[in-house]
Amino acid sequence: MLVLISGRGSNMQAMVEAGLPVTAVISNRADAAGLAYAAGRGIATAVVAHGGYATREAFDAALAQAIDGFHPDLVALAGFMRILTSGFVQRYEGRLLNIHPSLLPAFTGLDTHARALAAGVKLHGCTVHFVTAALDHGPIVIQAAVPVFAHDDETRLAARVLAQEHRIYPQAARWFLDGKLVIENGVVRIEGDHPQQLYAP
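Counting from 27, one number per residue, gives the positions in the sequence shown under this note's numbering.
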């Protein structure tokens, strides 16, 4: 499997530490801290800097070429801060996963924790989903929910959600690699008796 990052790649690190077969890490930023982590563990790394391309399509084509050089079964987005073109998504349809810091379909896009607090929700969380051309949509694999407390600020809430991201993303990737994910009518089910929802106290 291959992981795309833009920064520290904490979800990538969680996958590596969970024993998943991460064979390559690609970033759109040469200064992404996660590249050093991966290289230090003998994982192949590459940089496809988005600033070097005039269009989003050109960048995605270069990124796809780099990805295909590693022949991954699974491509996992882990804090990869680029909106991908529909052509790129179609190229990896069915083997492109993302994690989003909200309980989708609520709070798509950015600033999810601040928006959750502003909305006064009592549960927040994170979602692993298959990527489709629609931003932060696509069949949901697993979700984890955390309570929102009255004293929460964005930093505290984000930290609790991130801890759950590190639980559910490696699990979702392992299910995929083990061939346990089945999509039927846009809904993901897991072969075997596996819960697709977690609740943190």
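Don't be surprised by glycine CBs; every beta carbon is placed ideally from N, CA and C.
For Leu28, which option in Gln223, Ile52, Ala44 and His220 has the closest C-alpha, if you only look at C-alpha atoms?
Closest by alpha carbon: Ile52.
Residue span of the alpha helix (DSSP H) that contains His192, given as start and end:
Segment Glu180 to Leu203, the alpha helix (DSSP H) holding His192.
Please check if any C-beta of chain B sits within less than 9 Å of the C-beta of Val213.
Considering every chain present, this structure includes no chain B. It has just one protein chain.
Can you tell me whether Phe114 is helix, strand or coil according to DSSP?
Assigned with DSSP and collapsed to three states, Phe114 falls in helix.
Rounding to the nearest angstrom, what Cα-Cα distance links His220 and Pro196 in this structure?
Rounded to the nearest angstrom, the two C-alpha atoms are 14 Å apart.
Nearest candidate by alpha-carbon position, reference Glu83, set Gly105, Ile109, Tyr63 and Gly60:
It is Ile109.
So, for Glu217: in the same chain, excluding its five sequence neighbours on each side, which residues have a beta-carbon less than 7 Å away from its beta-carbon?
Result list for Glu217: Lys206 and Val208, in chain order.
Nearest-angstrom beta carbon gap, Phe106 and Ser32 [assumed within contact, 8 Å]
About 5 Å separates the two Cβ atoms, so the contact holds.
Buried or exposed: where does Thr138 fall if 16 or more other Cβ atoms within 10 Å of its Cβ makes it buried?
By the neighbour-count rule (16 or more Cβ atoms within 10 Å), Thr138 is buried.
May I ask you to report which of helix, strand or coil DSSP gives Thr71?
Thr71: strand per DSSP, three-state reduction.
One question on the structure: do Ala198 and Val167 come within less than 9 Å of each other, judged by their Cβ atoms?
Yes, these two residues count as a Cβ contact at 9 Å.
Do three or more CB pairs link the segment 32-52 to the segment 62-70 at distances below 8 Å?
At 8 Å Cβ cutoff, the stretches touch.
Which full runs of the alpha helix (DSSP H) of 4+ residues lie inside the segment 73-160, going along the chain?
Runs of the alpha helix (DSSP H) inside the segment 73-160: 82-94, 112-117 and 138-145.
Looking only at its chain, what residues have a beta carbon closer than 6 Å to the beta carbon of Leu30, apart from the 5 residues adjacent to it on each side?
Closer than 6 Å at the Cβ level, and outside the excluded window around Leu30, lie Ile52, Leu103 and Phe106.
Range of the contiguous beta strand (DSSP E) that encloses Ala170:
Per DSSP, Ala170 belongs to the beta strand (DSSP E) from Ile166 to Pro173.
Give me whichever residues DSSP pairs with Val208 in a beta bridge.
Looking at the DSSP assignment, Val208 forms a beta bridge with Arg215.
Local Cβ density within 10 Å of Phe156, reported as buried at 16 or more and exposed below that:
That one is buried.
What is the DSSP secondary structure of Val42, counted as helix, strand or coil?
DSSP, reduced to helix, strand and coil, places Val42 within a helical segment of the structure shown.
Would you decide whether Gly151 is buried or exposed? Buried here means 16 or more other CB atoms lie within 10 Å of its CB.
Buried, by the Cβ-count rule.
Under the assumption that Ser128 contacts Ala140 (Cβ atoms under 8 Å), give the Cβ distance between them as a whole number of angstroms.
Going by Cβ atoms, the distance from Ser128 to Ala140 rounds to 11 Å, so no, they are not a contact pair.
Beta-carbon within less than 6 Å of Pro98's beta-carbon, same chain only, minus the 5 sequence neighbours each way: which residues are those?
Within the same chain, Pro98 has close Cβ partners Met27 and Leu28.
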